[in-house]
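First residue of the sequence shown? That's 1 in the working numbering, and the numbers climb one at a time after it.
For each residue, glycine too, the CB sits at the ideal point set by N, CA and C.
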Amino acid sequence: MNLLVVSQYFWPENFRVNDLVTEFVKRGHQVTVLTGKPNYPAGKIFPEFIAAPENFTAYNGANIIRVPLVARGKGGLRLVLNYLSFALSATLFGLWRLRNQRFDAIFAFEPSPITVALPAIALRTQKQAPFTFWVLDLWPETLQALGVVRSKWLLDTVGRLVAFIYKHCDLILAQSKSFIPNIRHYAGSTSRIEYFPSWSEQLFNTSDTVPAPELTSNTNTFNIMFAGNIGDAQDFPAILSAAELLKGHKHIRWLIVGDGRMSQWVANEIRERNLQDQILLLGRHPVERMPSFFKHANALLVTLKNEPVFSLTIPGKLQAYLAAGLPILAMLNGEGATVIQQADAGLACPAGDYQALAAAVLKLSEMSPAERKQMGNNGLRFSDTEFNRDHLISQLEHWLKNTALNTAKRTR
Numbered sequence: 001m002n003l004l005v006v007s008q009y010f011w012p013e014n015f016r017v018n019d020l021v022t023e024f025v026k027r028g029h030q031v032t033v034l035t036g037k038p039n040y041p042a043g044k045i046f047p048e049f050i051a052a053p054e055n056f057t058a059y060n061g062a063n064i065i066r067v068p069l070v071a072r073g074k075g076g077l078r079l080v081l082n083y084l085s086f087a088l089s090a091t092l093f094g095l096w097r098l099r100n101q102r103f104d105a106i107f108a109f110e111p112s113p114i115t116v117a118l119p120a121i122a123l124r125t126q127k128q129a130p131f132t133f134w135v136l137d138l139w140p141e142t143l144q145a146l147g148v149v150r151s152k153w154l155l156d157t158v159g160r161l162v163a164f165i166y167k168h169c170d171l172i173l174a175q176s177k178s179f180i181p182n183i184r185h186y187a188g189s190t191s192r193i194e195y196f197p198s199w200s201e202q203l204f205n206t207s208d209t210v211p212a213p214e215l216t217s218n219t220n221t222f223n224i225m226f227a228g229n230i231g232d233a234q235d236f237p238a239i240l241s242a243a244e245l246l247k248g249h250k251h252i253r254w255l256i257v258g259d260g261r262m263s264q265w266v267a268n269e270i271r272e273r274n275l276q277d278q279i280l281l282l283g284r285h286p287v288e289r290m291p292s293f294f295k296h297a298n299a300l301l302v303t304l305k306n307e308p309v310f311s312l313t314i315p316g317k318l319q320a321y322l323a324a325g326l327p328i329l330a331m332l333n334g335e336g337a338t339v340i341q342q343a344d345a346g347l348a349c350p351a352g353d354y355q356a357l358a359a360a361v362l363k364l365s366e367m368s369p370a371e372r373k374q375m376g377n378n379g380l381r382f383s384d385t386e387f388n389r390d391h392l393i394s395q396l397e398h399w400l401k402n403t404a405l406n407t408a409k410r411t412r
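Right, here's the structure in full:
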């Protein structure tokens, strides 16, 4: 197939869509990626891209079309401009720069914002190619949960936009089963919706990995590692409160690997609360290096705020954590917590309950190494059966081929 992938985020930004594109190329498909200039999560265009943009026009055999956008920066206004600028720029530049190309199928990746679908819909019309939309974030509910939008009128307007987008998809993929009723509400009863979770990436198996040199190994510490975006949704106020409760337990150390809009706030709070000995901020690193950091971890931490929309979500990092074969500490509600409990891969407590998180940390630290290893092994097994990469990508490939064939039959 000749595939067009539309994604506001792409390599050198760290997102699962990079792995998907690589696998599509390996399977013999011709892939073009329509994306923006890399600026996530720090909010500034990557210096290496500014210095040599010509080095970022291809990735593992895929052709990349990059369009201008307003970098995320800081603050809500800049974020809105970032979302809207990509939607407009990718639509205008995409229609022009891809005008002479034919595609069998269009696929859009949506961790947020949902406006990434607008250029895909425009290209669907121009190319007469079916559009598959992978929904990893629910709008307008997430905007309301994070306080980005508070106006009821504006939330209703976004809801109408969501309905328009969903109704112009040939296939909608929901990252969790709990997403499906919400999507159906906006998409209507005739829309085709399938459950399609994120997969466990193979590189997160740490068995043959050398520990990251940025950290010194210490057998006397119990290391809890958070890896990923440091943002509003991850509820860092609660994480820091849990760390503060455990301040007297000198063997417990919190390792944070990542970056994001709240990074500076977290750094300031660590100083204010005098937690420098308990919490280490290790910065952002390429996804390929994450297994080397996981080698220092005794447990991996996943959190989401106590908001109804987040209880419907399976956090993207959860599949990577399961594949790492380490016990998981979770402070979240709903489907994500259910996955950990079904897998028997760690300990989960309610979202926002920092006291319960602190108690879970202590409980896990007091378990024997054999008990923790069993939890990690349970996660690995669950990962291989429920979130197997090859199986899921084969399923997606099958769906894309079928939508392409059905569209070709209708347009003959």
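Limits of the beta strand (DSSP E) - the one that isoleucine 106 falls within: 105–110
Would you kindly report the start and end of the unbroken beta strand (DSSP E) that includes glycine 346? Its beta strand (DSSP E) spans residues 346–349.
Cβ neighbours of leucine 4 in the same chain (closer than 6 Å, five flanking residues each side left out): Thr32, Phe103, Ile106
Euclidean distance between Cα positions of lysine 415 and tyrosine 83: Nothing in the structure corresponds to residue 415, since the chain is present only between 1 and 412.
Using the C-alpha atoms, what's the distance from leucine 347 back to alanine 370? 16 Å
Using the C-alpha atoms, what's the distance from proline 12 back to glycine 61? 15 Å
Which first and last residues belong to the alpha helix (DSSP H) in which isoleucine 314 is found? Note, isoleucine 314: premise wrong, no alpha helix (DSSP H); not H, not E.
Going by C-alpha distance, which of Gln234, Leu364, Asn333, Met290 is nearest histidine 251? Per the Cα distances, Leu364.
Could you give the DSSP three-state label for alanine 118: helix, strand or coil? Strictly speaking, residue 118 in this sequence is leucine, with alanine absent from that position. Helix, per DSSP.
Could you tell me which residues DSSP pairs with arginine 66 in its beta bridges? According to DSSP, arginine 66 shares a beta bridge with Thr35.
At the level of alpha carbons, what is the spacing between alanine 90 and isoleucine 114? 14 Å
As an exercise, report each continuous beta strand (DSSP E) stretch of at least 3 residues that is fully enclosed by the region 120–183, in chain order. 131–135, 171–174
Is the number of C-beta pairs between the region 153–169 and the region 137–145 that are closer than 8 Å three or more? yes
Consult DSSP for isoleucine 230 and reduce its assignment to one of helix, strand or coil. Three-state DSSP puts isoleucine 230 in coil, outside helix and strand.
Given this structure, state the Cα-to-Cα distance separating phenylalanine 226 from glutamine 234, to the nearest angstrom. C-alpha separation (whole angstroms): 10 Å.
Pull up the distance between the alpha-carbon of histidine 249 and that of threonine 221, whole angstroms please. 10 Å
Cβ atoms of alanine 351 and leucine 380: under 9 Å apart, would you say? no
Same chain only: Cβ atoms within 8 Å of alanine 356, ignoring 5 sequence neighbours per side: Cβ within range, chain order: Met331, Cys349, Pro350.
Assuming isoleucine 256 and leucine 281 form a contact by the criterion Cβ under 8 Å, report the distance between their Cβ atoms to the nearest whole angstrom. 5 Å
Other residues of its chain near alanine 187: CB distance less than 8 Å, five sequence neighbours each side excluded: Ala163, Tyr166, Lys167, Cys169, Ile172, Ile193
Residue range of the unbroken beta strand (DSSP E) whose run includes glycine 424: The displayed coordinates of the chain run from 1 to 412. Any statement about residue 424 would go beyond what the structure contains.
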